[in-house]
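Participant:
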Amino acid sequence: MPRKLTAILIMSTALLGACASITPPTEQASEQVASARKYQEAITLGGRLSVQYQKDDKDEAIHGSFTWKQSQDRSSIAILSPLGQILATIEVTHDNATLIQSGQAPRSAADVDLLVEQTLGWPLPVSGLRSWLQGFANDTNNKKFIATPVNNKVTTRDGWNIQYPTWESDQQSPPQDRPKRIDLERQTEQAGKVAIRIVLDTWQTP
């Protein structure tokens, strides 16, 4: 083989190897965003909520708003109608959960997710949302997942498919991206295919 052709082939192989080892800029940026964003143990959130599910083989839908306040050892959630009336409140501690619906007696249980599903007739994964609302989760292999605008989909160990299609920047310097809209889907025995859309309008940290 002519020396000139051999040299060209060697250079081409080296260049291909170098290109293969370079992480695409979008992936690098995504990793940097994920590492920069920190989970907030204490936070107050507010936004809009829509739920689609099935009851007695009929499609049902709920639309409204919600408030979410959490600290290290407590979560307080209120679900409101489109007119602002409180439909239900949920109080969660490390060993107990209490759900109160308007005009009804309080109901308590150790498992908040089971309590909500049995009472409301559709699942709201409160225990997971403590992290998911901020873009943090564990995937099917229990590996830590931090959502970014590029890496925005995950399936959790309990079967929720989560997507973060819309993002916004906070008021920090430098600004950081945070989830604006969160879509959740899961197939359930009680409520069929459940689709939950959450839009976050307010974020407050201590």
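Residue 170 in this note's numbering sits at position 119 of the sequence shown; the count goes up by one each step and never skips. We put the beta carbon where it would ideally sit given N, CA and C, even for glycine.
Count the C-beta pairs between the stretch 170-179 and the stretch 197-204 that are closer than 8 Å, then say yes if the count reaches three, no if not.
Facilitator: Contact between the stretch 170-179 and the stretch 197-204 is absent: fewer than 3 CB-CB pairs across the two stretches fall below 8 Å.
Participant: Given that a residue counts as buried once 16 or more other Cβ atoms are within 10 Å of its Cβ, and exposed if not, what is GLY186?
Facilitator: If you number the sequence shown from 1, residue 186 lands on position 135. Burial state of GLY186 is buried, judged by a 10 Å Cβ sphere holding 16 or more other Cβ atoms.
Participant: Suppose the cutoff is 8 Å on Cβ atoms and the five residues either side in sequence are ignored; what does the same chain contact list for SER220 look like?
Facilitator: Here residue 220 refers to the residue found at position 169 when the sequence shown is read from its first residue. Excluding residues within five positions, the ones whose Cβ falls inside 8 Å are PRO226, GLN227, ASP228 and ARG229.
Participant: Got a sec? Which residues, its chain only, sit under 6 Å from SER127 by beta carbon, not counting five neighbours each side?
Facilitator: Numbered from 1 along the sequence shown, position 76 holds the residue referred to as residue 127. Around SER127: LYS120 and GLU142.
Participant: Assuming ASP228 is part of the beta strand (DSSP E), what are its boundary residues?
Facilitator: Here residue 228 is taken as the residue at index 177 of the sequence shown, counted from 1. Residues 228-239.
Participant: Spell out the partners DSSP gives ASN189 in its beta bridges.
Facilitator: Walking along the sequence shown from the start, residue 189 turns up at place 138. Answer is LYS195, bridged to ASN189.
Participant: For VAL245 versus PRO157, is the C-beta distance shorter than 7 Å?
Facilitator: Sequence index remark: in the sequence shown, residue 245 carries index 194 (1-based). Sequence index remark: in the sequence shown, residue 157 carries index 106 (1-based). In this structure, PRO157 does not lie closer than 7 Å to VAL245 by Cβ.
Participant: First and last residue of the alpha helix (DSSP H) that includes GLY98?
Facilitator: Numbered from its first residue, the sequence shown carries residue 98 at position 47. GLY98 -> not in any alpha helix (DSSP H); beta strand (DSSP E) instead, spanning 94-106.
Participant: Give me the residue from GLN91, GLU111, SER101 and TYR90 with the minimum Cα distance to THR241.
Facilitator: The residue you call residue 241 lines up with position 190 of the sequence shown. Looking at the sequence provided, one finds Gln at residue 241 rather than Thr. Nearest of GLN91, GLU111, SER101 and TYR90 to GLN241, Cα basis: GLU111.
Participant: Excluding the 5 residues flanking ILE113 on each side, which residues of the same chain have their C-beta closer than 6 Å to its C-beta?
Facilitator: Taking the first residue of the sequence shown as position 1, residue 113 is located at position 62. Once the five neighbours on either side are set aside, the close Cβ partners of ILE113 are VAL102.
Participant: Taking 7 Å as the cut-off, decide whether the C-beta atoms of LYS194 and THR217 are in contact.
Facilitator: In the sequence shown, residue 194 corresponds to position 143, counting from 1. In the sequence shown, residue 217 corresponds to position 166, counting from 1. No, Cβ-Cβ distance for LYS194 and THR217 is not below 7 Å.
Participant: In this structure, what does DSSP give as the bridge partners for ASN212?
Facilitator: Residue mapping note: residue 212 aligns to position 161 of the sequence shown, counting from 1. THR206 and GLU236.
Participant: Out of curiosity, what's the CA-to-CA distance linking THR95 and THR118?
Facilitator: Your numbering for residue 95 matches position 44 in the sequence shown. Your numbering for residue 118 matches position 67 in the sequence shown. Those two C-alpha atoms are separated by around 8 Å.
Participant: Would you say SER116 and LEU131 are within 7 Å of each other, going by their C-beta atoms?
Facilitator: Position 65 of the sequence shown, counted from the start, is the residue given in the question as residue 116. Position 80 of the sequence shown, counted from the start, is the residue given in the question as residue 131. Against a cut-off of 7 Å, the Cβ pair of LEU131 and SER116 comes out as a contact.
Participant: Give the DSSP-derived three-state secondary structure of SER132 in the structure shown.
Facilitator: By one-based count along the sequence shown, residue 132 stands at place 81. In this structure, SER132 counts as coil in the three-state DSSP scheme.
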